[in-house]
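Numbering (the numbering used here), first residue to last: 11 to 356. Glycine residues also receive a C-beta, built at the ideal position from the N, C-alpha and C atoms. Before any comments, here is the structure.
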Ligand code: NCD
Ligand code: ZN
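Here it is in structure tokens:
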């Protein structure tokens with residue numbers, strides 16, 4: 011018997027599309043299944059102003075193959091020089107849906123991020139007034155803090171103080187990777203959301219390090235112990251409105267992943283929906299897949315869910331490409347380590 015499941019077309023609430031030849035190569039991989047995505051602004055140089063965001067949105071739309079529909083939801087990269095009025099204007103025009111906070115040095119292309127949080131107070135207060143969400147990369151950058159503890163320490167030292175000082179600020183904890191992240195988000199009110207990636211539901215830190223180093227499983231925040239992966243799976247499949255999909259699909263060419271100092275990022279755009287259907291079926295939660303991929307995110311961002319629907323069917327093993335060929339070079343697709351049986355019907 012074929013099993014099938016019809017849900018509202020999903021959205022991706024955390025996506026890296028890059029620019030130029032890489033953008034052209036990876037955009038169809040997301041647009042095939044996803045209607046909209048929150049587009050990360052960590053280009054070189056970053057997308058800082060409303061003007062930058064408008065130009066980047068135009069480049070994304072220009073790279074979209076004919077016949078494909080996709081709506082990029084733009085974000086601004088918060089710097090210590092960000093002008094609160096520029097942010098407010100970019101939001102009022104409908105262009106910008108969130109502002110991204112990278113602690114300086116936390117991850118790929120975050121050098122222009124925030125060092126002194128007091129210097130962004132004015133922007134955060136303006137955002138609280140207008141209801142514009144702050145997407146937070148939640149890791150401290152203190153070299154004295156172990157990389158596996160950086161998320162939990164960030165919650166206590168940075169995130170909670172910012173939220174207390176800025177009542178009304180709507181925050182998304184991006185790509186949570188720990189049981190502490192799950193607990194903090196789970197206990198919060200509806201001014202807090204948390205995205206969970208596809209890959210953090212599949213891998214723990216052993217996948218990166220045991221039996222040889224596997225650079226294609228290296229991303230930031232780095233995958234943690236198994237107990238954390240299990241907490242993330244429970245949260246994602248719970249149906250709780252706080253949690254929604256942000257793939258954090260982050261393409262880097264193979265030459266930069268398979269390198270003495272390899273880049274962080276897993277590329278999951280191609281097979282995310284197949285992997286998620288597998289995970290939700292395993293957890294006996296197929297009826298909650300739609301909440302995670304298609305309903306909770308729009309509700310947090312105060313947007314309607316997509317009217318269009320997709321159908322997933324379970325059958326023969328899905329044949330997806332092991333690599334995507336882009337004009338910038340080949341990009342390896344995330345390998346979940348088990349056959350995928352769920353496909354999105356054409
Ligand atoms: C992202 C990237 O490559 O831009 N990398 C990653 O490992 N997730 C940056 C980020 O989201 O931290
Ligand atoms: Zn990211």
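Got a sec, what are the start and stop residues for the beta strand (DSSP E) residue i sits in?
{"i": "residue 38", "result": "Residue 38 -> not in any beta strand (DSSP E); alpha helix (DSSP H) instead, spanning 30-41."}
{"i": "residue 213", "result": "Careful: residue 213 lies outside any beta strand (DSSP E) and carries neither H nor E."}
{"i": "residue 333", "result": "333-336"}
{"i": "residue 182", "result": "181-183"}
Do residue j and residue i come within 7 Å of each other at the CB atom, strictly closer than that value?
{"i": "residue 208", "j": "residue 280", "result": "no"}
{"i": "residue 56", "j": "residue 103", "result": "no"}
{"i": "residue 114", "j": "residue 86", "result": "no"}
{"i": "residue 187", "j": "residue 234", "result": "yes"}
{"i": "residue 134", "j": "residue 179", "result": "yes"}
{"i": "residue 44", "j": "residue 75", "result": "no"}
{"i": "residue 33", "j": "residue 79", "result": "no"}
{"i": "residue 217", "j": "residue 227", "result": "yes"}
{"i": "residue 184", "j": "residue 147", "result": "yes"}
{"i": "residue 359", "j": "residue 328", "result": "Not covered by the structure: residue 359. The range shown for the chain is 11 to 356."}
{"i": "residue 230", "j": "residue 162", "result": "no"}
{"i": "residue 59", "j": "residue 96", "result": "yes"}
{"i": "residue 322", "j": "residue 15", "result": "yes"}
{"i": "residue 310", "j": "residue 255", "result": "no"}
Can you tell me whether residue i is buried or exposed, with buried defined as 16 or more other CB within 10 angstroms of its CB?
{"i": "residue 304", "result": "buried"}
{"i": "residue 54", "result": "exposed"}
{"i": "residue 236", "result": "exposed"}
{"i": "residue 271", "result": "exposed"}
{"i": "residue 28", "result": "buried"}
{"i": "residue 247", "result": "buried"}
{"i": "residue 91", "result": "exposed"}
{"i": "residue 6", "result": "Residue numbering for the chain in the displayed model covers 11 to 356; residue 6 lies beyond these limits and cannot be assessed."}
{"i": "residue 285", "result": "buried"}
{"i": "residue 22", "result": "buried"}
{"i": "residue 177", "result": "exposed"}
{"i": "residue 39", "result": "buried"}
{"i": "residue 326", "result": "exposed"}
Could you check if residue i belongs to the surroundings of the ligand ZN, using beta carbon to heavy atom distance under 6 Å?
{"i": "residue 84", "result": "no"}
{"i": "residue 258", "result": "yes"}
{"i": "residue 32", "result": "no"}
{"i": "residue 137", "result": "no"}
{"i": "residue 183", "result": "no"}
{"i": "residue 50", "result": "yes"}
On the DSSP bridge list, what partners appear for residue i?
{"i": "residue 254", "result": "205"}
{"i": "residue 23", "result": "DSSP output for residue 23 lists no bridge partner at all."}
{"i": "residue 81", "result": "46"}
{"i": "residue 111", "result": "146"}
{"i": "residue 323", "result": "14 and 353"}
{"i": "residue 339", "result": "336"}
{"i": "residue 130", "result": "DSSP, once it has assigned bridges, lists no residue as partnering residue 130."}
{"i": "residue 106", "result": "84"}
Could you give the first and the last residue of the continuous alpha helix (DSSP H) run that contains residue i?
{"i": "residue 94", "result": "94-102"}
{"i": "residue 14", "result": "Residue 14 -> not in any alpha helix (DSSP H); beta strand (DSSP E) instead, spanning 13-18."}
{"i": "residue 288", "result": "282-292"}
{"i": "residue 67", "result": "60-73"}
{"i": "residue 318", "result": "Residue 318 -> no alpha helix (DSSP H), and no H or E assigned at all."}
{"i": "residue 193", "result": "189-197"}
{"i": "residue 306", "result": "306-311"}
{"i": "residue 172", "result": "170-175"}
{"i": "residue 54", "result": "Note, residue 54: premise wrong, no alpha helix (DSSP H); not H, not E."}
Would you check whether the ligand NCD has a heavy atom nearer than 6 Å to the C-beta of residue i?
{"i": "residue 230", "result": "yes"}
{"i": "residue 226", "result": "no"}
{"i": "residue 309", "result": "no"}
{"i": "residue 121", "result": "no"}
{"i": "residue 269", "result": "no"}
{"i": "residue 148", "result": "no"}
{"i": "residue 26", "result": "yes"}
{"i": "residue 339", "result": "no"}
From the beta carbon of residue i, is the nearest beta carbon of chain D less than 7 Å away?
{"i": "residue 180", "result": "Of the protein chains in the structure, only one exists, and it is not chain D."}
Would the C-beta of residue i count as close to the ligand ADP, meaning under 6 Å from any of its heavy atoms?
{"i": "residue 118", "result": "For the structure depicted, the ligand ADP is absent and the ligand set comprises only the ligand NCD and the ligand ZN."}
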